[in-house]
Each structure stands twice: as structure tokens, then as C-alpha cells.
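Numbering-wise, the sequence shown is residues 2 to 286 according to the working numbering.
Note that CB positions come from ideal geometry on N, CA and C, so glycine has one too.
Computed from a predicted model, the values in this text were never measured in an experiment.
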Amino acid sequence: MRRLEDMNASAAQLPLCICALDPNTQIEFLQAGASDQPVSHVLLHGIGSAGTSWLEQLEAANRRSHQAPCRVLAWNAPGYGQSTRLTPDAPTATDYARRLWQWLDVLGVDQPITLAGQSMGCLIAAAAARQQPQRIARLVLFAPARGYRRADPAERERRRSERLASLRQHGPSGLAERRAAAMLSPNASADMVSYVRSIMARVDPLGYAQATEMLAQGDIDSDLASWRGPLVVASGSADRITPPESCRDIAARAGVAWTDLGEVGHGCPLEAAPTANSLLGLISE
């Protein structure tokens, strides 16, 4: 069981990079693995999170690079960290996906990648797959957020308004105090909860608000409908945010079986790291 100090120290050692897309736009991202290799994996975090939520996967990439080199990138989405916010006040998953491909174009990524998302990141990954499917070798979705476009309009507005009101009332640090534990199962260590809380407390309010608007308009089922490549949909049975029945239904509609990660919560790439790493092909041989 890892201590918070170890997790923070390990995250601090990961190379934090800036990619300028134009004079006014940049993406901040973490990089792991072999920097001289083509990009093999791109990881997209959730709404109350950041690239450091993929700590276990980035560490696995560093271990694996000595045997079977890979290069893994975990972005801070637009409006997170030092990544420039999107222009619309209410962007869609399509807008985030366009920024994703713009970033990867500037980096010169020209080989198909494994694209993975967690929660909100899955909406972006699915939109990216709809836009440029030929650039994706595998799509791996952990605890996917479905989005609320198909929900009853009153329910959609209620969820949107409640999230924005909570942000205004409590701020990022207050949200983190109230929501971090719900990201994990009751079996998660206090140190892991503290790590998740520390990430959530640093979100930018404007970036979080934009992501909330994207969630309200999102429809992952529609974006996955045209995907014909390899797909994994995985989540934990103790997930209280995107419960198993929702993830199972997303998988079924996309024509694949749901992968049960066991009694873990919404932050499953952290809490079920060995299995998540295996699904991503990041286990050392």
C-alpha cells in the first residue's frame, strides 16, 4: 500500500512538458517511457482530475521501456493545469477532440495509438475516434461517463446546475473535500484518497465549468456507434459515479463485453492499477 508522500514524489519526477499549438494555445502533458520512441499511448483524465491521475500507468511505462519500449502521454485537458482553455464557454466533446488531434499533429504523432480515457476523458476519446478512427489502434475506456444529451432535459439541466452551483459555493478545494472519497471504493487507503483529493483541489474553476458543459451535452453512445476497432470498456463494481449497470450498457451498445475490474471505485486506473495496466499493454514482460 503506497504512502501519499511516495505518490507525490513519484508524480513530481515525471517530465512535465508544454507543447505550443500556436502563439496563444498550448497543451501541458506528462510523458513516460522511451522519449525516442513513437507515441504509443495517450491518456485522457476525468473532470475533477489531471494527468497525474494516471500515475500508475506512467510509472508502468517507465518500467516497461527497458524491455519493450513505449512512449505514453497523459495530457492536462484544455482548461486544466497550464493547458489553454477552449474558446466556447460551452464546448462539446468534439471541441476537446479537435484540440487533442491538433496537439498530436504538432507532436508529429503519425502512427496509430492506444487512446484511453477515464470518465469524462472517455467522452473525448469516443469523439476523437469518431473524427479520426484510422489514427487509433485501440480504444480503452475506464469508468466511462455517458453524458446527458439523451437525458430528460429537466434532469440534464438539474445535473449541470448542481455541479456548477457546488463549484461556485465550495471552490475546487471544497469540492475535493466533499467528493474525493466518492472517487474510490471504501477499501481504498487514506493515502490514495488524499492523493485524489490533492489533484481535485487544484482544478481551474473555469476549466471545470467548461468540462461540466461538455458533460451536459455529451453522448458517448452516439460517438461509439461508428467505431469498428478494438474496444475495452472497464470499470469497478464499487463505482458510485458511473455504476456498473451504466458501463455494462455502454459496452453492450458498442458490441463488446464489459470488463469488471473488481471492487474498486470510479478512479479505477489508480485503484485497480495492475489490471488497468494489463488492459493497456503496459505490464513489464
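Runs of alpha helix (DSSP H) lying entirely within the stretch 183-249, each at least 4 residues, in chain order: 191-201, 206-218, 221-225
Residue 45 versus residue 53 - alpha carbon distance: Sequence index remark: in the sequence shown, residue 45 carries index 44 (1-based). Sequence index remark: in the sequence shown, residue 53 carries index 52 (1-based). If I take the Cα positions, the gap works out to 10 Å.
Distance between residue 197 and residue 177 (C-alpha atoms, nearest Å): As a first step, residue 177 is located in the sequence shown; it is residue number 176 there, counting from the start. As a first step, residue 197 is located in the sequence shown; it is residue number 196 there, counting from the start. For residue 177 and residue 197, the distance between alpha carbons rounds to 8 Å.
Our contact map puts residue 125 next to residue 98 with C-beta atoms below 8 Å; I'd like the distance itself, whole angstroms only. As a working mapping, residue 125 is identified with position 124 in the sequence shown. As a working mapping, residue 98 is identified with position 97 in the sequence shown. Rounded, the Cβ-Cβ distance is 6 Å, consistent with contact.
Length of the line joining the Cα atoms of residue 288 and residue 238: There is simply no residue 288 to check, as the chain begins at 2 and stops at 286 in what is shown.
Do you know whose CA, among 244, 253, 142, lies nearest residue 278's CA? The sequence position of residue 278 within the sequence shown is 277, counting from 1. For residue 278, the nearest C-alpha among the options comes from 142.
How should residue 256 be labelled, buried or exposed, when 16 other C-beta atoms within 10 angstroms of its C-beta is the threshold for buried? In the sequence shown, the residue the question calls residue 256 occupies position 255. That one is exposed.
The alpha helix (DSSP H) that contains residue 26, what's its start and end? In the sequence shown, residue 26 corresponds to position 25, counting from 1. Careful: residue 26 lies outside any alpha helix (DSSP H), inside the beta strand (DSSP E) at 26-34.
Within 7 Å, strictly: CB atoms of residue 270 and residue 27: Position 269 of the sequence shown, counting from 1, holds the residue named residue 270. Position 26 of the sequence shown, counting from 1, holds the residue named residue 27. Cβ distance not < 7 Å, so residue 270 and residue 27 don't count as in contact.
Please list the terminal residues of the continuous alpha helix (DSSP H) segment that includes residue 179. As a working note, residue 179 is residue 178 in the sequence shown. Run containing residue 179: 154-180, per the alpha helix (DSSP H) assignment.
Using three-state DSSP, classify residue 48 as helix, strand or coil. Along the sequence shown, read from residue 1 onward, the residue named residue 48 stands at position 47. It is coil, neither helix nor strand.
Using DSSP's beta-bridge definition, name the partner residues of residue 18. As a first step, residue 18 is located in the sequence shown; it is residue number 17 there, counting from the start. Answer is 30.
Close-in-space but distant-in-sequence residues of the same chain around residue 4 (CB under 7 Å, 5 per side omitted): Working through the sequence shown from its first residue, we reach residue 4 at position 3. Here the set comprises 192.
Touching by the beta-carbon criterion (3+ pairs, under 8 Å), the stretch 130-138 and the stretch 225-232: yes
To the nearest angstrom, how far is the alpha carbon of residue 162 from that of residue 267? As a working mapping, residue 162 is identified with position 161 in the sequence shown. As a working mapping, residue 267 is identified with position 266 in the sequence shown. Roughly 22 Å separates the two Cα atoms.
Leaving aside the five residues before and after residue 110 along the sequence, list all residues of the same chain whose C-beta is less than 7 Å from its C-beta, in chain order. Looking up residue 110 in the sequence shown gives position 109. So the list reads 40, once near-sequence residues are dropped.
Buried or exposed (CB count within 10 angstroms, at least 16 for buried), residue 115: On the sequence shown, position 114 is the one that residue 115 refers to. That one is buried.
Compare the Cα-Cα distances from residue 226 to each of 251, 204, 215 and report the closest residue. The count along the sequence shown starts at 1 and reaches residue 226 at position 225. Residue 251 is the option with its Cα nearest to residue 226.
Option in 274, 253, 7 with minimal Cα separation from residue 262: Position 261 of the sequence shown holds residue 262. It is 274 whose Cα lies nearest to the Cα of residue 262.
How big is the Cα-Cα spacing for residue 146 and residue 216? Stepping through the sequence shown from its first residue, residue 146 is reached at position 145. Stepping through the sequence shown from its first residue, residue 216 is reached at position 215. So the two alpha carbons sit approximately 8 Å from each other.
Taking all protein chains shown into account, do 16 or more other C-beta atoms lie within 10 angstroms of the C-beta of residue 151, making it buried, or fewer, making it exposed? Residue numbering aside, residue 151 sits at position 150 when the sequence shown is read from its first letter. By the neighbour-count rule (16 or more Cβ atoms within 10 Å), residue 151 is not buried but exposed.
Considering only residues of the same chain and omitting the five flanking positions on each side of residue 50, which have a CB-CB separation below 6 Å? Counting from 1 along the sequence shown, the entry for residue 50 is found at position 49. These residues qualify, in order along the chain: 200.
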